[in-house]
Amino acid sequence: MMNPLPPTPGPMPSLTSQAPHGLASAPPSTPQSLLDLMADGFYLLLLLKRAQMPGDTESFVQSVQKFLDGVERGAVKLGISSEDIYAAKYAFCAAVDEAILSQPSALHETWERNPLQLRLFGEHLAGEHFFDRLEELRRQGAVRLPSLEIYHYCLLLGFEGKYRLEGPEKLGYLTARLGDEIIYFKGKRTGFAPHWPPPDTVRHALRRVVPLWLPAALVAGFGVLGFFGLRLSLDHQTEQRMAAYNQVVQMPQRTAHITITLP
């Protein structure tokens, strides 16, 4: 049978009846956020991703439920809202279900019939509703920062849901954007595109030093010079071409005659 999850994320939690030695002597750490409270759960997800499956389904489910109950009690003490607690538990259960069902194991068939999401939330579509709930949390903004961090960690640990079929590009973009939003909500005002200014600063320096009328005057001056230069060039070409037709039409030569005047 499986032992309950350890109180600290130091030693790797055991999924079998053989718990690691020295676990009880690990000094407990004081959680400061919902993310700290879920640390052991994320460690458990890493174990499941490494194909270290529990030996007994019911014992494992009871341990997860006990862990989530402890997270809820700790979150209430920290003053975290019930909406964030519920959202975090939902995201974690969805991640655990996918981690177990995405690889072959002895409990795959049993877990597929009765996953955590069905036991605790009464539904079987967490792969899609995970992202629906995430979008709702994002719309609410910084007030949902605790649960947004949990969703972000689940994505970082490999949760795919409906994006397993749609491709990793969209999921990668969503994960990166969510991480930027979390940093922004925490007060580190780096913005979503910190490298948006152009690499050259000469243009910006000139804009502050050069008067606004000078570029317009230069453009007008070059325009006038270009106009007169083009006009002179066209006049010269016209004279050269018309010179070839000067001898086409000639006046008849005058006939010589003599005038004799008699006295």
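The sequence shown begins at 1 in full-length UniProt numbering and counts up by one. Note that beta-carbon positions come from the ideal geometry of N, C-alpha and C, so glycine has one too. The structure displayed is predicted, hence computed values, not measured ones.
Sequence-distant residues of its chain with Cβ nearer than 8 Å to Thr201 (five each side left out): Numbered from its first residue, the sequence shown carries residue 201 at position 201. Any answer about Thr201 is weak, because its pLDDT of 49 lies below 50 and its placement is not dependable; what the coordinates show is given next. Closer than 8 Å at Cβ, skipping near neighbours: no residue.
- prompt: From Phe130 to Pro215, what does the alpha carbon distance come to, in whole angstroms?
  reply: Against the sequence shown, residue 130 aligns to sequence position 130. Against the sequence shown, residue 215 aligns to sequence position 215. Going by the C-alpha atoms only, they are around 56 Å apart.
Residue from Arg231, Glu98 and Leu118 whose Cα sits closest to the Cα of Leu46: Working through the sequence shown from its first residue, we reach residue 46 at position 46. Residue Glu98 is the option with its Cα nearest to Leu46.
query: Comparing alpha-carbon positions, which option in Thr110, Tyr86 and Leu218 lies nearest Gly55?
result: Here residue 55 refers to the residue found at position 55 when the sequence shown is read from its first residue. Gly55 has its Cα closest to that of Thr110, out of Thr110, Tyr86 and Leu218.
- prompt: How is the alpha helix (DSSP H) around Phe130 delimited, first residue to last?
  reply: Position 130 of the sequence shown, counting from 1, holds the residue named residue 130. Note, Phe130: alpha helix (DSSP H), Ala126 to Gln140.
query: Using the beta-carbon count (16 or more within 10 Å), is Arg144 buried or exposed?
result: Here residue 144 corresponds to residue number 144 of the sequence shown, with the count starting at 1. By the 10 Å Cβ count, Arg144 comes out buried.
- prompt: How big is the Cα-Cα spacing for Cys154 and Ser105?
  reply: The residue labelled residue 154 in the question sits at position 154 within the sequence shown. The residue labelled residue 105 in the question sits at position 105 within the sequence shown. Roughly 22 Å between the two C-alpha positions.
task: With a cut-off of 8 Å on the beta carbons, I'd call Leu34 and Ala88 a contact; round off their distance for me.
output: Counting from one through the sequence shown, the residue named residue 34 turns up at place 34. Counting from one through the sequence shown, the residue named residue 88 turns up at place 88. Confirmed, Cβ separation roughly 6 Å.
- request: Helix, strand or coil for Lys162, going by three-state DSSP, please let me know.
  value: As a position in the sequence shown, residue 162 is number 162, starting the count at 1. Three-state DSSP puts Lys162 in coil, outside helix and strand.
message: If the criterion is Cβ atoms closer than 8 Å, does the pair Pro31 and Gly79 meet it?
response: Numbered from its first residue, the sequence shown carries residue 31 at position 31. Numbered from its first residue, the sequence shown carries residue 79 at position 79. Cβ atoms of Pro31 and Gly79: not closer than 8 Å.
field: Short Cβ contact (8 Å threshold) for Asp84 with Pro146
entry: Residue mapping note: residue 84 aligns to position 84 of the sequence shown, counting from 1. Residue mapping note: residue 146 aligns to position 146 of the sequence shown, counting from 1. Yes, they are a contact pair.
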